[in-house]
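Engineer: So that you can map any letter, position 114 of the sequence shown is 114 in the numbering used here, and since no number is skipped, the others follow by simple counting.
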Amino acid sequence: MSGRGAVRIRDASVAAWVEKHGAELRRHVERLLPGPDAADDVLQTVWITAHRKPPEAREGPALRAWLYRVATHAALDRLGSERRRRRALEGRALFVAPEARPAPDAALEGLGEGARLRVREHVAALPPKQRQAVWMRWAEGRSYADIAARLGCSEESARGNVYQGMKRLRSELFGLWQEEAGA
């Protein structure tokens, strides 16, 4: 079969694969990547690849293994490109014009520049979900329901991520607050 008929058959196959394997592939990819948006992008790549260059095996364990392999490679490629992008931009943030910088958070206003940098470093070192949840709650002022929707988790889990992230920050930064108060 050629032309439009072949495309329809291929589309039907991919649609069936999405239905059958989509949820488990999403869980797999979300374990590898920081956040649901990245997982969406990777899964889109998987389904486009499946449409353009479908595997020889159309069903069963061989198909599942092929989908997992494509998803894993796409996720690792994304992580690598994000890492390279971060490294390339690392030094540039220090040279942003002062008027282009965002206003400091109210909680950081009393701190010196060195202390603010240490706070930002500790926030960046949080596990991905905690970092995202803390940022969305305190920097963006989002509700727990909104955070849960964006992270693809329950509201309780979002609340727990904010709590655990803030608990960790408080314990790690306690000495910093004392230093700054005494200075």
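Even for Gly, the Cβ is constructed at its ideal location relative to N, Cα and C. Remember, predicted model here, so these are calculated numbers, not experimental data.
Hey, quick one: how far does the alpha helix (DSSP H) through LYS129 stretch, first residue to last?
Structural biologist: Stepping through the sequence shown from its first residue, residue 129 is reached at position 129. 128-134 is the extent of the alpha helix (DSSP H) around LYS129.
Engineer: Out of GLN44, LEU79, LEU43, PRO34, state which residue places its alpha-carbon closest to the alpha-carbon of ARG150.
Structural biologist: Within the sequence shown, numbered from 1, the residue matching residue 150 stands at position 150. Minimum Cα distance to ARG150 is reached at PRO34.
Engineer: Using alpha carbons as the reference points, say which of GLN132, GLU30, TYR68, ALA39 lies closest to LYS20.
Structural biologist: In the sequence shown, counting from the first residue as 1, residue 20 sits at position 20. For the residues GLN132, GLU30, TYR68, ALA39, the minimum Cα distance to LYS20 belongs to TYR68.
Engineer: What does a CB cutoff of less than 8 Å around GLN164 pick up in its chain, not counting 5 residues either side in sequence?
Structural biologist: The residue given as residue 164 occupies position 164 in the sequence shown. Once the five neighbours on either side are set aside, the close Cβ partners of GLN164 are GLN130.
Engineer: Do you know offhand how far ASN43's Cα is from GLU59's?
Structural biologist: Numbered from its first residue, the sequence shown carries residue 43 at position 43. Numbered from its first residue, the sequence shown carries residue 59 at position 59. Reading off the sequence shown, one finds Leu at residue 43, where the question assumed Asn. If you take the alpha carbons of LEU43 and GLU59, they lie about 19 Å apart.
Engineer: Are VAL29 and THR49 close, meaning C-beta to C-beta below 8 Å?
Structural biologist: Translated into the one-based positions of the sequence shown, residue 29 becomes position 29. Translated into the one-based positions of the sequence shown, residue 49 becomes position 49. No, the pair does not count as a contact, with Cβ atoms beyond the cut-off.
Engineer: Quick one: using the 10 Å Cβ neighbour count with 16 as the cut-off for buried, is ALA16 buried or exposed?
Structural biologist: For this step, residue 16 is matched to residue 16 along the sequence shown. ALA16 is exposed by the Cβ-count criterion.
Engineer: According to the neighbour-count rule (16 or more other Cβ atoms, all chains shown, within 10 Å of its Cβ), is ALA39 buried or exposed?
Structural biologist: In the sequence shown, the residue the question calls residue 39 occupies position 39. The residue is buried, with at least 16 neighbouring Cβ atoms inside 10 Å.
Engineer: Which same chain residues end up closer than 8 Å to LEU126 when comparing Cβ atoms and leaving out the 5 residues on each side of it in sequence?
Structural biologist: In the sequence shown, the residue the question calls residue 126 occupies position 126. Answer for LEU126: VAL134, GLY165, ARG168, LEU169, listed in chain order.
Engineer: Whole angstroms are fine: how far does the CA of ALA158 sit from the CA of GLU121?
Structural biologist: Here residue 121 refers to the residue found at position 121 when the sequence shown is read from its first residue. Here residue 158 refers to the residue found at position 158 when the sequence shown is read from its first residue. Rounded to whole angstroms, GLU121 to ALA158 spans 22 Å at the Cα level.
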